[in-house]
Amino acid sequence: MVKPIITKVPPVPEGNIHAYDDILDYFNNKPVQQKLSSKYHSITFVTTGIIAYDGGQTTMLHLGTLLAQAGYQIYYQSYVPQTKAEMENNAEFNYPGYQGTCIEMKDLTNHQSDIWIATLWESAYIIKNLPGYKIYFVQDYEPYFYPFGDRYQLAKRTYELGLHMISLGPWCKKMINENCQVNSPIDEINFPVALDRYPKVDHDFNEYPSKNELNLAVYTKFSSPRRAPINIEIVLRNCEKILKKRNFKLNINYFGTEKEETFINGHNLGKLTQPQLVDLYHQSDFGIAPSMTNFSLVPFEMMSTGLPFIDFYEGTGRYFIPDHCCFYTHFDEQELADLFTHLLQNPNLLSKTVENATNHLHSITWDKTLKDILTILKNLPVKD
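Going by the numbering used here, the sequence shown opens with residue 799, and the numbers climb by one from there.
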């Protein structure tokens, strides 16, 4: 199996403009000028290199591969220093069998493309004045990545520059329309699940009433407040104490955070490969994966394997998961403990909810996402 190469690009320090020294010339407020083609053949995703374990880039690679199979010429253009070999290695690790050509930063000024697709707010500035049709693939409302300040404002402004925006799911589109002065198209595509990569196994819910020990798979990231790492640890630590008084043992298996980090409870499994994730989900009794901004792929992956999923009212799950497909609670240890106790005594409810989730997931596969994006591309304005 391909092993990931650790990206050498450090996180951007808050307030340090020199992190952008190599791309400063791209930062300006000139409105987008769309260059139309009579027919669009080539598509270039502009990205921060290819980073191992990155869900957003995995989505990009999956989408790019499907577009390549549909007949488009697909490229992945880095705007940070990373060798082509490293990009290719991490692309193969994230999405084995991906299709498309990786291009290093040094080729940014020479590469030509009919369509440019920004994948992060920084790349929106980079592509907006390049020759070609400019699209902004919005996978999250990125001002929320930062404290309220200049980078918050720089990110927010990208939605007002005039790029043709495509929102992954409904939530990003909602946030942009409510918070920004939109003066360009904003479409929406299905937020998909890859059912074949996360096969379902049948949990014997009839055994749940006799359980006195629960195995919990919990996705969170110390590096991403959007995944509520502090809140989920506090709530689970307190929930663990409550359940212990009820003679239940809660085995918490965290994943998604660097292995060397220390959680206040449970076990840190580190960052897992796709086969390791499938095995974890199959061995667990419940799954948790908070999403405070746009949804994560992880809840759908858990649900795809037949794992009962618990989400939080404070997050965005209700924009993506219909009623009766998972279980909701607040970030409240008493509520969560009561929910576990209730579910353990209701195997029919667990079975029906998982069945509902499975039916829903079959309606939001990548086939639907591909159909959505191809419809958008087919209807782009063309040169007379």
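Virtual Cβ for every residue (Gly too), placed ideally from N, Cα, C.
>> Residues in the same chain with beta-carbon distance under 6 Å from G854, minus the five sequence neighbours each way, listed in chain order, please.
In response: Excluding the 5 residues flanking it on each side, G854 has same chain C-beta neighbours closer than 6 Å at Q937, in chain order.
>> Taking a contact to mean a Cβ-Cβ separation below 8 Å, would you say Y874 touches C900 in this structure?
In response: It is a contact, given that the beta carbons lie within the stated cut-off.
> Which stretch, first to last residue, makes up the beta strand (DSSP E) that contains E986?
Replying inline: I984 to I987
>> Taking the beta carbon of K1176 as the centre, do at least 16 other beta carbons fall within 10 Å, making it buried, or is it exposed?
In response: exposed
>> Taking contact to mean 3 or more Cβ pairs, one atom from each stretch, closer than 8 Å, check whether the segment 976-986 and the segment 1156-1164 are in contact.
In response: no
> Is there contact here, the segment 1092-1109 with the segment 988-997, by at least three beta-carbon pairs under 8 Å?
Replying inline: yes
> Roughly how many angstroms separate the alpha carbons of G960 and R1024, rounded to a whole number?
Replying inline: 27 Å
>> Looking at the secondary structure, which residues open and close the beta strand (DSSP E) in which L1014 lies?
In response: E1011 to Y1017
> Which stretch, first to last residue, makes up the beta strand (DSSP E) that contains I804?
Replying inline: No beta strand (DSSP E) contains I804, which DSSP labels as neither H nor E.
> What's the call for P1088, buried or exposed, on a 16-neighbour Cβ count within 10 Å?
Replying inline: buried
> Do you know how far the Cα of F1129 is from the Cα of E1112?
Replying inline: 7 Å
>> Does the contact criterion of 3 or more C-beta pairs under 8 Å hold for the segment 1117-1129 versus the segment 1062-1081?
In response: Counting Cβ pairs under 8 Å, fewer than three are found: no touch.
>> Determine whether the beta carbon atoms of N1063 and R1035 lie at a separation below 8 Å.
In response: yes
>> Short of 6 Å in beta carbon distance, which residues of its chain neighbour Q1143, apart from the five on each side in sequence? Order them along the chain.
In response: Closer than 6 Å at Cβ, skipping near neighbours: P1007.
> If we ignore side chains and look at the alpha-carbon of each, how far apart do S921 and I933 end up?
Replying inline: 11 Å
>> Extract the residue ranges of the beta strand (DSSP E) inside the segment 1115-1147, only unbroken runs of 3 or more that lie entirely within it.
In response: 1125-1127
> If you draw a straight line from the C-alpha of E1059 to the C-alpha of I1086, how long is it?
Replying inline: Each residue's alpha carbon lies about 19 Å from the other.
> Excluding the five sequence neighbours on either side, which residues of its own chain have a C-beta within less than 6 Å of the C-beta of C1123, listed in chain order?
Replying inline: N1154, A1155 and H1158
> So what does F1084 bridge to, in DSSP terms?
Replying inline: L1014
> Which value, in whole angstroms, describes the spacing of the CA atoms of T857 and N888?
Replying inline: Their backbone Cα atoms lie some 13 Å apart in a straight line.
>> Can you find the residues in the same chain that come closer than 7 Å, C-beta to C-beta, to W1164, ignoring five residues on each side of it along the sequence?
In response: H860, L864, P990 and A992
>> On the criterion of 16 or more Cβ atoms from any shown chain inside 10 Å, does N981 qualify as buried, or is it exposed?
In response: exposed
> Do you know whose CA, among L918, V1180 and I1174, lies nearest P983's CA?
Replying inline: I1174
> Where does D820 land, buried or exposed, given buried means 16+ other C-beta within 10 angstroms?
Replying inline: exposed
> Can you name, in chain order, every residue of its own chain whose Cβ lies under 6 Å from the Cβ of S1094, other than the five neighbours on each side?
Replying inline: Excluding five sequence positions before and after S1094, the CB atoms of its chain that fall closer than 6 Å to its own CB belong to A1087, given in chain order.
>> Whole angstroms are fine: how far does the CA of E958 sit from the CA of K828?
In response: 11 Å
>> For G862 and G898, which I take to be in contact (beta-carbon distance under 8 Å), what is that distance rounded to the nearest angstrom?
In response: 5 Å
>> Quick check on the DSSP output: what are the complete beta strand (DSSP E) runs of length 3 or more inside the segment 938-1013, in order along the chain?
In response: 962-966 and 984-987
> Distance, Cα to Cα, F1107 vs I841?
Replying inline: In a straight line, the C-alpha of F1107 is about 36 Å away from that of I841.
> Excluding five sequence neighbours on each side, which residues of the same chain lie with their C-beta closer than 6 Å to the C-beta of C1037?
Replying inline: Hits under 6 Å: E1131, L1134 and A1135.
>> Threshold first: 4 residues or longer. Then list the alpha helix (DSSP H) segments lying entirely within the segment 878-915, N to C.
In response: 882-892
> Quick one: what's got a C-beta closer than 6 Å to L1067's C-beta in the same chain, skipping five residues either side?
Replying inline: N1051 and F1053
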